[in-house]
């Protein structure tokens with residue numbers, strides 16, 4: 003509003019086979035002065051091709067591929083995960099399970115790669131890491147935890163790291179229902195520092211990122227007409243490790 007511009011929000015299903023047609027219809031009906039793309043659309047080559055062909059300026063949030071193709075805003079997920087792994091290994095954890103997000107989301111790919119690299123830096127054998135697939139929902143975190151617990155108790159990890167807070171809440175729920183104390187027997191971590199991280203018990207150790215600030219930065223970048231089209235800009239934003247009772251018993 004401060005710049006005389008108006009924002010419209012459009013939601014598209016990531017598995018929509020007609021997404022390009024839907025966006026084409028949108029462009030034909032209202033026209034766009036610019037677009038901010040969030041995962042997984044941020045890495046949809048057909049959508050990028052369409053917007054470029056229509057000469058629609060765009061800013062992408064945390065693209066996993068062709069990062070230099072457009073202006074982009076990134077959260078420093080890797081920095082946060084390195085701090086998280088340092089925290090966990092400092093507590094003596096050496097047996098890890100990771101619940102990743104959907105493969106179609108760039109954040110899921112970035113976070114999984116960061117976990118593997120950070121654990122390798124601490125000498126954790128990649129073959130010893132239990133990896134389960136989720137889809138960023140509570141139910142998928144719960145179901146992944148049930149799979150992790152199917153083996154003998156001696157094979158269980160000492161910590162389960164979920165790629166977002168919603169799945170971590172599902173983890174804590176299943177552990178509680180199974181009589182497994184958090185964090186005494188299995189510690190749990192998330193990512194985002196969403197509201198649920200503070201509401202569940204025990205409160206969740208997680209990595210805080212500001213979605214609001216990322217959106218504001220992307221908007222300012224989109225409205226900055228002084229930026230050269232042939233020199234895409236990348237803006238990185240810091241994240242913060244938030245330590246709560248799901249990893250520490252004495253806080």
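Residue numbers (the working numbering): 3 to 253.
Built from N, CA and C at the ideal position, the CB exists for glycine as well.
As the structure is a computational prediction, the values presented were derived from the model and not from experiment.
Bounds of the beta strand (DSSP E) holding residue 75 are 73–77. Fewer than three pairs of CB atoms, one per stretch, sit closer than 8 Å, so the segment 118–128 makes no contact with the segment 143–155. Around the C-beta of residue 32, fewer than 16 other C-beta atoms lie within 10 Å, and the residue is accordingly described as exposed.
Contact between residue 100 and residue 66 is absent: CB atoms are separated by about 17 Å, not below the 8 Å threshold.
In the three-state DSSP reduction, residue 67 falls in the coil class, being neither helix nor strand. In the DSSP annotation of this structure, the continuous segment of the beta strand (DSSP E) that includes residue 239 starts and ends at 236–239. Taken in chain order, the complete beta strand (DSSP E) segments of 3 or more residues contained in the segment 118–180 are 132–135, 161–164.
Residue 220 and residue 34 have their alpha carbons spaced roughly 16 Å apart. Contact between the segment 74–93 and the segment 129–142 is absent, with fewer than three C-beta pairs closer than 8 Å. For residue 97 against residue 130, the beta-carbon gap comes to about 7 Å, under 8 Å, which counts as contact. The beta carbon of residue 176 sits closer than 7 Å to those of 144, 147, 148, all from its chain and outside the five residues before and after it, given in chain order. Beta-bridge partners assigned by DSSP to residue 191: 163, 207. With respect to the 7 Å criterion, residue 41 and residue 107 are classified as neighbours on the basis of their beta carbons.
For residue 102, the pairing in a beta bridge is given by DSSP as 135.
In this structure, residue 90 and residue 249 form a Cβ contact; the two beta carbons are roughly 7 Å apart against a cut-off of 8 Å.
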